[in-house]
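To start, the structure itself, in structure tokens.
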Amino acid sequence: DPDRLKEVLSDLEPCPEFRSESANPFYRRTTGEQTCYGDQAYVLLESLSQCGDVDLQDLTKRFYEFFGPGTAYDLPLNDPYRKKGGPKATLPIDGPWRNASLKAFIRNVDAGKAETGCDVDCQMDGIAKIAPVVSMFAGRPQMLEKVEEVVRVTQNNDMCVAVTMAAARFLEHFILNGPDPDVLETVLNQLNDPKRQNPQDLDRAVTAQIHQVKDNLSKASHQLIPAVFTNT
622 DPDRLKEVLS DLEPCPEFRS ESANPFYRRT TGEQTCYGDQ AYVLLESLSQ
672 CGDVDLQDLT KRFYEFFGPG TAYDLPLNDP YRKKGGPKAT LPIDGPWRNA
722 SLKAFIRNVD AGKAETGCDV DCQMDGIAKI APVVSMFAGR PQMLEKVEEV
772 VRVTQNNDMC VAVTMAAARF LEHFILNGPD PDVLETVLNQ LNDPKRQNPQ
822 DLDRAVTAQI HQVKDNLSKA SHQLIPAVFT NT
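If you're matching positions, the sequence shown starts at 622 in the working numbering and goes up one per residue.
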């Protein structure tokens, strides 16, 4: 909504990225506090630091203890067992947002399921939190395998995994090589390689998405959303 953006940013030019008060319509966090995306990355980093590797049992335990009952995320609106159709929530809430995959993760852990990840959520959590694991395993053949293991703890969804693994390829390339204007071609070549590491059934769909991004790089964001890329 361009008009809403102008209203929110009118007194912040030319540095809108340094807004001291949240304009998020769903939840409020004090400046300097993490969102659930940053907190997931933090928990992953902590687990890797303590275990020296991806330890799924440890990571599952840490996610539950950080986002589960009795935490800052345990607000009435964020209740993983909150029934739909109840009283309409008043937004934004004062506190962090526990999103769909985290709610499903909590329910699955409570139910004692071996597969704890949400099987229907395909939001950006995976991409937002993978920097620690990619950084640890960049340049090593097991990097993508480790990324997939981490993502499926909270998002056991094939499209989410495929997209996150493509993002991991980009991040690994920058870690190992620094800035590279040809990174799109490099990752596309990797995804088209029949001998690539950790092939996914949805790699072809991800490749098509990357081509779409490549074809629209010269356009401004307001020309692309929602005309080309749906604003969800």
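Where is the CB? At the ideal position from N, CA and C, for every residue including glycine.
Asked: Distance CB(I714)-CB(F647) smaller than 9 Å; Found: yes
Asked: Reduced DSSP category for C672 - H, G, I as helix; E, B as strand; rest coil; Found: helix
Asked: Alpha-carbon to alpha-carbon, V771 and D622; Found: 34 Å
Asked: P820 at chain C interface by Cβ criterion, 9 Å; Found: The structure shown contains no chain C; it holds only a single protein chain.
Asked: Contiguous beta strand (DSSP E) assignments of at least 3 residues, all confined to the segment 754 to 798; Found: none
Asked: Whole-number beta carbon distance between I751 and F688, since they are thought to touch under 8 Å; Found: F688 to I751, Cβ: 17 Å. No contact.
Asked: Inter-residue Cα distance where the pair is P635 and S641; Found: 14 Å
Asked: First through last residue of the alpha helix (DSSP H) which encompasses A721; Found: A721 to D731
Asked: Residues bridged to D715 (per DSSP); Found: R649
Asked: Same chain only: Cβ atoms within 8 Å of D779, ignoring 5 sequence neighbours per side; Found: Q821, D822 and L823
Asked: Residue of A788, N819 and H843 minimising C-alpha distance to Q830; Found: A788
Asked: Identity of the residues DSSP links to C739 by a beta bridge; Found: Q776
Asked: Cβ separation of V755 and M764, assumed to be a contact under 8 Å, to the nearest whole Å; Found: 6 Å
Asked: Which listed residue (T851, R649, D742 and A841) has its alpha carbon closest to that of T711; Found: R649
Asked: Option nearest V741 by Cα separation, candidates N777, P690 and K734; Found: N777
Asked: Extent of the continuous alpha helix (DSSP H) to which V808 belongs; Found: V804 to N813
Asked: Neighbourhood of L698 by C-beta, 6 Å cutoff - its chain only, sequence neighbours within 5 removed; Found: A710 and I714
Asked: Reference P753; option with closest CA among E638, K816 and I796; Found: I796
Asked: Within 9 Å, strictly: CB atoms of V827 and L805; Found: no
Asked: Pairwise C-alpha distance: I846 and G691; Found: 38 Å
Asked: For V808 and H794, believed in contact at Cβ under 8 Å, the rounded distance; Found: 7 Å
Asked: Burial state of K724, where buried means 16 or more other Cβ atoms lie within 10 Å; Found: buried
Asked: Straight-line Cα distance separating R761 from L812; Found: 17 Å
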